[in-house]
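Those protein sequence lines, which keep their order, are chains Z and R. Quick note, in our numbering, the first sequence goes up one by one and the last residue is 697. Quick note, in our numbering, the second sequence goes up one by one and the last residue is 324. Comments concern the structure below.
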Amino acid sequence: MVKVTFLPSLATTAVPVGTLLVDAAAEAGVPLEMPCGGQGRCGRCQVKVEGKVSRRENLHLTPQQIKEGWVLACVARVMGDASVTIPSRREQEKVIIESAASRKAAALRPEWPIHPIVRQIYLELPHPTLEDNASDLERLRRVLTQQEGIADLRVPLPLLQRMATLLRQEEYRVTAILETDTGASARLLDLIPGRKEGPLWACAVDIGTTTIWVYLVNLLNGRLVDQAASFNKQISCGEDVISRIVYSQRGQGLAHLQHLVVETINDLLAELAQRHSLDTAQIYEMVAAGNTIMTHLFLGLPSRNLREEPYVPTATSFPPLVAGEVGLNVNPLAAVHCLPAVAAYVGGDISAGVLSSGLHKKENLTLFLDVGTNGEIVLGNAEWLMTCACSAGPAFEGAGVACGMRATAGAIDDVRVNSLTLEPTIKVMGNVAPRGICGSGMISALAEMLITGVVTKAGRIDVDWVTERMAGRSRARVGDHGPEYVLVWAKDSATGQDILLNQVDIDNLVRTKGAIYAGIRVLAQSIGIDLSQVEEVLIGGAFGQHINIEEAIQIGLLPDLPWEKFKFMGNTSARGAYYALISRQARSKVKEIASKMTYKELIADNTFMNEFTSALFLPHTQLEDFPTVKALLRDHQGTGINA
Amino acid sequence: MPPVETPVEKWAGKIHEVNLGGDARRLVVGGETTLPFLHFEGAIPHPPAVAVEVQDRPPASWAPELRASWGEAMEDPASWAKKAVEYGADLIVLYLSSAHPDDQNTGPQEAKKTVTRVLSTVDAPLIILGPGIAEKDNEVLVAAAEAAAGRRVALGFCEQKNYRTIIAACMANNHVAVAKTPVEINLAKQLNILICDMGLAPDSILMDPTTGALGYGLEYTYSVMERLRLAGLQGDKMAAMPMFCTVGEEAWRQKEARATEGIPAAWGDIATRALRWEELTAMTLLLAGADVVVLRHPQVVQRIKATIQKLMTKE
Numbered sequence: 055m056v057k058v059t060f061l062p063s064l065a066t067t068a069v070p071v072g073t074l075l076v077d078a079a080a081e082a083g084v085p086l087e088m089p090c091g092g093q094g095r096c097g098r099c100q101v102k103v104e105g106k107v108s109r110r111e112n113l114h115l116t117p118q119q120i121k122e123g124w125v126l127a128c129v130a131r132v133m134g135d136a137s138v139t140i141p142s143r144r145e146q147e148k149v150i151i152e153s154a155a156s157r158k159a160a161a162l163r164p165e166w167p168i169h170p171i172v173r174q175i176y177l178e179l180p181h182p183t184l185e186d187n188a189s190d191l192e193r194l195r196r197v198l199t200q201q202e203g204i205a206d207l208r209v210p211l212p213l214l215q216r217m218a219t220l221l222r223q224e225e226y227r228v229t230a231i232l233e234t235d236t237g238a239s240a241r242l243l244d245l246i247p248g249r250k251e252g253p254l255w256a257c258a259v260d261i262g263t264t265t266i267w268v269y270l271v272n273l274l275n276g277r278l279v280d281q282a283a284s285f286n287k288q289i290s291c292g293e294d295v296i297s298r299i300v301y302s303q304r305g306q307g308l309a310h311l312q313h314l315v316v317e318t319i320n321d322l323l324a325e326l327a328q329r330h331s332l333d334t335a336q337i338y339e340m341v342a343a344g345n346t347i348m349t350h351l352f353l354g355l356p357s358r359n360l361r362e363e364p365y366v367p368t369a370t371s372f373p374p375l376v377a378g379e380v381g382l383n384v385n386p387l388a389a390v391h392c393l394p395a396v397a398a399y400v401g402g403d404i405s406a407g408v409l410s411s412g413l414h415k416k417e418n419l420t421l422f423l424d425v426g427t428n429g430e431i432v433l434g435n436a437e438w439l440m441t442c443a444c445s446a447g448p449a450f451e452g453a454g455v456a457c458g459m460r461a462t463a464g465a466i467d468d469v470r471v472n473s474l475t476l477e478p479t480i481k482v483m484g485n486v487a488p489r490g491i492c493g494s495g496m497i498s499a500l501a502e503m504l505i506t507g508v509v510t511k512a513g514r515i516d517v518d519w520v521t522e523r524m525a526g527r528s529r530a531r532v533g534d535h536g537p538e539y540v541l542v543w544a545k546d547s548a549t550g551q552d553i554l555l556n557q558v559d560i561d562n563l564v565r566t567k568g569a570i571y572a573g574i575r576v577l578a579q580s581i582g583i584d585l586s587q588v589e590e591v592l593i594g595g596a597f598g599q600h601i602n603i604e605e606a607i608q609i610g611l612l613p614d615l616p617w618e619k620f621k622f623m624g625n626t627s628a629r630g631a632y633y634a635l636i637s638r639q640a641r642s643k644v645k646e647i648a649s650k651m652t653y654k655e656l657i658a659d660n661t662f663m664n665e666f667t668s669a670l671f672l673p674h675t676q677l678e679d680f681p682t683v684k685a686l687l688r689d690h691q692g693t694g695i696n697a
Numbered sequence: 010m011p012p013v014e015t016p017v018e019k020w021a022g023k024i025h026e027v028n029l030g031g032d033a034r035r036l037v038v039g040g041e042t043t044l045p046f047l048h049f050e051g052a053i054p055h056p057p058a059v060a061v062e063v064q065d066r067p068p069a070s071w072a073p074e075l076r077a078s079w080g081e082a083m084e085d086p087a088s089w090a091k092k093a094v095e096y097g098a099d100l101i102v103l104y105l106s107s108a109h110p111d112d113q114n115t116g117p118q119e120a121k122k123t124v125t126r127v128l129s130t131v132d133a134p135l136i137i138l139g140p141g142i143a144e145k146d147n148e149v150l151v152a153a154a155e156a157a158a159g160r161r162v163a164l165g166f167c168e169q170k171n172y173r174t175i176i177a178a179c180m181a182n183n184h185v186a187v188a189k190t191p192v193e194i195n196l197a198k199q200l201n202i203l204i205c206d207m208g209l210a211p212d213s214i215l216m217d218p219t220t221g222a223l224g225y226g227l228e229y230t231y232s233v234m235e236r237l238r239l240a241g242l243q244g245d246k247m248a249a250m251p252m253f254c255t256v257g258e259e260a261w262r263q264k265e266a267r268a269t270e271g272i273p274a275a276w277g278d279i280a281t282r283a284l285r286w287e288e289l290t291a292m293t294l295l296l297a298g299a300d301v302v303v304l305r306h307p308q309v310v311q312r313i314k315a316t317i318q319k320l321m322t323k324e
């Protein structure tokens, strides 16, 4: 028998060597919370130990925390006398958050020289005299040449029409806003009488199939000032790119889709403008990154050829455009740049993603994933880059799922299912009642449901089995859409309705993860590489920053590689657009990357279908490829149906 | 010409050996460590088995040619099974067709009676198939499983949407499950995993990868079976179940085996053609790795038995 003392209560107990810390705690009268039912899955039972205990490697603890003596009480066994500190709830939260934060995306730091192509230049023009009565335009040109070396200037008619007035308003002192270094002559975007105060506004936009992000940037210092996101209004015309293309072929479909995406961006711009008390006409540049289809629809380009063999886009590299032509609610003369695409199904978002993830600089074999409605995959290093795309569906972004929502306040983003009681414990973003479930919550829920046996490996919610196990009120039942599992009862939700995952949702999730994993497999096979050779996995996409690697592996979304190989990059598309916005060096690098990538067409490859079917299983039909999940399921033998 | 060395593959895996039948007559299928009939390469401890399809009521829709071949025996499943054994059947497939709601909608009591009668008439191992409607399958197969306790029969079909009850009945009575999936290697493997997760041993499963008849997708089903067998031999235990093929049902469904009017003279005599259709389908699937072929025509049973015997001779 050994003695275990619990702090701060000083409760003491004597237990045999090998007793689990949680059992010792219960014995001592200080029971610990175990939302997952105690298999070291949730990390909520962290305690700090002095003395001898057995430990098990765990994703929930950082190496630093382990060094400090933190263990998970549900898996650590007492091996000698020990003193155990039970942290207060507040401390506990902090430990959990810190350990989670260490796995999350690095902060957005501009790593490129700040050198935007839109600049503002203060000019003092000599007053005209009878001796020097050159035209206003000539006078402006002359000073620009002398002061900035800009020899060739294009002036849009609306500005030419107002030039005489604008120049004279502040005694020929004027701030010129110019678009330079595009390969063509400089273009005048605005003339502001006097010395312009305040930031030079611009925005980077990530046009996702499901979610659109707008970053507001001050070009004077390159800082990201704020960001806003919302669902792409085109969703009402189809959830994935193919249905959007189909819609675009109907009557006014294309014009309507173009209108909807521009309207979504304009709404977000208005939101940001209001927050920062600026006039959207003060925004002078936009860099947009989107997949090829989204970019086509954004510009109103016909997209039907993208859907039909041999999948030819109107353009992959897009000429510089003017905001007014596109209908954007920024300065009508503002410069609009769309980042170059690789092929019909690998767009500027991926060129931007490779840039911002740094894949093009890696020495080792690296896998880059952008998990969105389309799953794009890039494999390679500094020497070569291979890419492919698969249609994953919008489930992870919260669309097409009964209680799905984006990762904002009220979204369930973490779920634990107690393997003994099958009761879920949820974590909600923001300090509010739950409204729905976001992508990371779905991955978490599905992983937990698999491990506890609520869903079978075939992805079926096992209503009978759950009902049999749950005395009283069963979380599983048959609803309007077939079997379903209730995460939050109506009385506890913000919507007044049960928050649940139904069978259709689960089927969607399984298809989504299956498509992405199959894409990864086929791309690796096409170059004869085994996934175990991958040294690093970079995960991009707005959704990527929230997911839990362990759970993503458990459902077979990500290959079963050591956790330290995975790195979250956040929204790599928006960030790449942001880099391109603030740095012309970054912009030319994106072009280089886009031209360097070799595209693999999955549609032309019959191995994809086979890999896809193989991936429509939890975690995968080839369970041998997921050794850690196999072991985990085996550990639950006797408790779960999936043992 | 210089002598050519026969390439010999050393396979890591082995097909599971599935035992069927009671004390009076046992049958083992599977156990191969090589591809079909490649005796020079590995072991084929048991010849593929030939089963005869017997229905629990006379099948009115069967081709006249078939009905004539069995005659009055078809009136009673026990006599039909007995006659089938006389023709050389290694085992009997007993279809509880009458339980179909569109047929006579018979229930568990009738199923129990039929199974008991057939089992008491023949010693040959039995494979019992339900009418193919999940609810009814579960009802009659559970009854059949109890009636056949101690005789280790196979029960089918388990499908991904309905397997739990049948597997539970197999486990309770030490029977074998027949797992059916729609012509897809992954789905076949997935169902095997699900079944094993319930606790049924891998050597208590036969898999039906679903086959087509000659001229009706046979080459596709052939390739799926071949890939399953290769996976099994490569060591994938969840793909290493012996394969079960409903040849007769497929072959006799096609117009080549049925049509008597308005067909080109070159097609020849209907009797010859129909029998050949079934025989060729069976032969092809045996070469793809089938361990049990279910046949309908007694003459085809004899021909296939003879061919298997020749192919099993190790010279």
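Here a beta-carbon is modelled for each residue, glycine too, at the ideal position from N, C-alpha and C.
Check	Outcome
Taking DSSP's pairing of strands, which residues face Thr227(Z) in a bridge?	The identity of residue 227(Z) in the sequence shown is Arg, whereas the question assumes Thr. For Arg227(Z), which the question treats as bridged, DSSP gives the partners Glu178(Z).
Could you name the residues that DSSP lists as bridge partners for Arg166(R)?	The sequence shown places Phe at residue 166(R), rather than the Arg named in the question. Looking at the DSSP assignment, Phe166(R) forms no beta bridge with any residue, so it has no partner.
Taking the beta strand (DSSP E) that Thr265(Z) falls in, what are its first and last residues?	265-272
Name the chain R residues whose beta carbon is nearer than 9 angstroms to that of Leu677(Z)?	Ile202, Met247
Using a Cβ-Cβ cutoff of less than 8 angstroms, which residues in the same chain neighbour Cys179(R) once the five nearest sequence positions on both sides are dropped?	Ala154, Leu164, Val185, Ala186, Leu209, Ser213
If you measure from the beta carbon of Thr521(Z) to each beta carbon in chain R, is any gap under 8 angstroms?	no
Only counting the same chain, and skipping five residues up and downstream in sequence, which positions put a Cβ closer than 8 angstroms to that of Ile317(R)?	Pro56, Pro57, Val59, Leu295
With DSSP as the reference, please indicate the residues paired to Cys392(Z) in a beta bridge.	Ala342(Z)
When the Cβ atoms of the region 467-487 of chain Z are set against those of the region 663-676 of chain Z, are three or more pairs found closer than 8 angstroms?	no
Give me, in chain order, the residues of the same chain whose beta-carbon lies closer than 6 angstroms to that of Arg157(Z); leave out the 5 immediate sequence neighbours on both sides.	In this prediction, Arg157(Z) has a pLDDT of 41, which is less than 50 and means its spatial position is unreliable; what the coordinates show is noted afterwards. None.
Do Leu577(Z) and Ile337(Z) have their C-beta atoms within less than 8 angstroms of each other?	no
Pick out whichever of Asp659(Z), Leu198(Z), Phe372(Z), Leu615(Z) has its Cα sitting closest to the Cα of Thr682(Z).	Leu615(Z)
Drop a sphere of 10 angstroms on the beta-carbon of Tyr176(Z), count the other beta-carbons inside from all chains shown, and report buried for 16 or more, exposed for fewer.	exposed
Sorted by chain position, which residues of the same chain lie with C-beta nearer than 6 angstroms to Thr230(R)'s C-beta, five sequence neighbours on each side aside?	Val192, Thr220, Gly221
Return the chain-ordered list of same chain residues with a C-beta closer than 6 angstroms to the C-beta of Gly22(R), the five sequence neighbours on each side being excluded.	Gly241, Leu242, Gln243, Gly244, Ala249
Can you name, in chain order, every residue of its own chain whose Cβ lies under 8 angstroms from the Cβ of Thr293(R), other than the five neighbours on each side?	Leu223, Leu227, Tyr231
Work out the CA separation of Leu115(Z) and Ala136(Z) for me, nearest whole Å.	20 angstroms
Contact between the region 126-136 of chain R and the region 25-36 of chain R: three or more CB pairs below 8 angstroms?	yes
Would Ile491(Z) and Ile466(Z) be called neighbours here (beta carbons separated by less than 8 angstroms)?	yes
Quick one: list the residues of chain Z neighbouring Asp146(R), beta-carbon separation under 9 angstroms, in chain order.	Going along chain Z, no residue has its Cβ under 9 angstroms from Asp146(R), so there is no contact; the nearest lies around 17 angstroms.
Taking only beta-carbon atoms, is Asp65(R) less than 8 angstroms away from chain Z?	no
Report all residues from its chain with a CB closer than 7 angstroms to the CB of Ala93(R); omit the five preceding and five following residues, and keep chain order.	Val61, Val63, Ile101
Any chance you could list the alpha helix (DSSP H) runs of at least 4 consecutive residues sitting entirely within the region 344-429 of chain Z, in chain order?	346-353, 358-361, 377-380, 402-411
Going along the chain, which residues of its own chain have a beta-carbon closer than 6 angstroms to the beta-carbon of Pro170(Z), five neighbours each way excluded?	Leu273, Ile636
State buried or exposed for Ser153(Z), treating a residue as buried only when at least 16 other CB atoms are found within 10 Å of its CB.	Because Ser153(Z) sits at a pLDDT of 47, beneath the cut-off of 50, its placement in the model cannot be relied upon, and the point is left open.
Excluding the five sequence neighbours on either side, which residues of its own chain have a C-beta within less than 6 angstroms of the C-beta of Ile607(Z), listed in chain order?	Asp614
Does the distance from the C-beta atom of Val125(Z) to that of Leu61(Z) stay below 8 angstroms?	no
If you measure beta-carbon to beta-carbon, which residues of the region 649-673 of chain Z are closer than 8 angstroms to chain R?	Asn664, Thr667, Ser668, Leu670, Phe671
Taking the alpha-carbon positions, what's the Cys257(Z) to Ser411(Z) distance?	20 angstroms
Tell me whether Phe49(R) is buried or exposed, calling it buried when 16 or more other Cβ atoms sit within 10 Å of its Cβ.	exposed
In the DSSP assignment, the beta strand (DSSP E) including Trp124(Z) goes from what residue to what residue?	124-126
Measuring only the C-alpha atoms, how far is Val310(R) from Tyr96(R)?	7 angstroms
Could you check which residue in Pro373(Z), Val396(Z), Ala461(Z) has the C-alpha nearest to that of Glu451(Z)?	Ala461(Z)
Thr510(Z) versus chain R: which residues are under 8 angstroms apart at the beta carbon?	Leu203, Asp206
Going by other Cβ atoms of all chains shown within 10 Å of its Cβ, with 16 needed for buried, is Pro110(R) buried or exposed?	exposed
Output yes or no for whether 8 angstroms exceeds the beta carbon distance between Phe46(R) and Leu320(R).	yes
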